[in-house]
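Written out below as structure tokens is the structure these notes cover.
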Amino acid sequence: MSGRRTHAQMTSETRAKLLAAARRAFAEHGYAGTSMDELCEDAGLTRGALYHQFGSKKALLEAVVEEIDAEIGAHLDRHCEAITDPWEQLSACNTEYLRLAMNPEIQQILLRDAPAVLGQRMREIDEASSISALTEAIADLIARGRIVECDPETVARMLNGALMDAALWIAAAEDPAPRFERASKSISLLMGGLQREGGAVS
């Protein structure tokens, strides 16, 4: 059996090296402060390979953001999978999302650079992940009689906006821990306004 790598394998490896190098560079230096030449040197690849794979520095940032966003989704799924109560599960995911805002990589790439550089594309990424998941969770809670009747998508967008703004506020602090504590308590208060008195637990 041949030990030679296929073209698809080599392409995948090249892409993975560039993404890893980009994450390190964007997290340490920020998007504006990242040199493409230094990034390629770190990855052990040529600038031509970078532009062949991604086309531009902006497209590289977008790919990094999509990778981090997918990792956050997977992390939240794992964090909440042992919780059986759907209300507690949503609450735990909201709190954990805010906790992630204390991660330096997420602060720099996802919360500072991505909105400024990607603009509308960042909103589209958020739409496909956070808002979609929140809408589904809220619709499920309505069906179970756990929260008051409301429009799931509208509430999801408002809740997502509150979480995002709180995450940005946490990330902007020199010491983010106190802001995380305040934000996590406050989001629980906001969520409490949705609960139906005597709602069935299921």
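In the numbering used here, the protein residues as written are 1 to 202.
Beta carbons are placed, not taken as given, at the ideal position from N, Cα and C, and that holds for glycine.
Just so we're clear, the structure is a prediction, and the values are computed from it rather than from any experiment.
query = Among the residues of its own chain, which have a CB less than 7 Å from the CB of L19, if the five just before and after it don't count?
reply = Residue 19 sits at position 19 when you count from the first residue of the sequence shown. Residues A63, V64, E67 of the same chain have their beta carbon placed closer than 7 Å to that of L19, with the five preceding and five following residues left out of the count.
ask   = Taking the alpha-carbon positions, what's the R121 to R24 distance?
value = The residue you call residue 121 lines up with position 121 of the sequence shown. The residue you call residue 24 lines up with position 24 of the sequence shown. C-alpha separation (whole angstroms): 22 Å.
ask   = With distances taken from CA atoms, which of R99, R112, G193 is nearest E181?
value = In the sequence shown, counting from the first residue as 1, residue 181 sits at position 181. Cα-wise, what sits closest to E181 is R99.
query = Roughly how many angstroms lie between the CA atoms of C150 and I142, to the nearest whole one?
reply = Translated into the one-based positions of the sequence shown, residue 150 becomes position 150. Translated into the one-based positions of the sequence shown, residue 142 becomes position 142. About 8 Å.
query = Rounded to the nearest angstrom, how far is the Cβ of A43 from that of K17, given a contact under 8 Å?
reply = Taking the sequence shown and counting its residues from 1, the one referred to as residue 43 is at position 43. Taking the sequence shown and counting its residues from 1, the one referred to as residue 17 is at position 17. Separation of the CB atoms of A43 and K17 is rounded to 4 Å, and the pair is thereby assigned contact status at 8 Å.
ask   = If we call anything under 7 Å between Cβ atoms a contact, is L159 one with L189?
value = Your numbering for residue 159 matches position 159 in the sequence shown. Your numbering for residue 189 matches position 189 in the sequence shown. No. Outside cutoff.
The stretch 47-54 touching the stretch 71-86, judged by at least three CB pairs closer than 8 Å = With a cut-off of 8 Å on Cβ pairs, the stretch 47-54 is not in contact with the stretch 71-86, counting fewer than three such pairs.
task = Report yes if the CB atom of L111 is closer than 7 Å to the CB atom of A166, and no otherwise.
result = Residue 111 sits at position 111 when you count from the first residue of the sequence shown. Residue 166 sits at position 166 when you count from the first residue of the sequence shown. No; because the gap between Cβ atoms is not below 7 Å, this pair is not in contact.
inquiry  = Determine whether the beta carbon atoms of R196 and I138 lie at a separation below 7 Å.
reply    = Your numbering for residue 196 matches position 196 in the sequence shown. Your numbering for residue 138 matches position 138 in the sequence shown. In this structure, the beta-carbon distance from R196 to I138 does not fall below 7 Å.
key: 8 Å contact criterion, which T14 and L39 should meet: CB distance rounded   = On the sequence shown, residue 14 is found 14 positions in, with the first residue counted as 1. On the sequence shown, residue 39 is found 39 positions in, with the first residue counted as 1. Actually they do not touch by this definition, with Cβ atoms about 13 Å apart.
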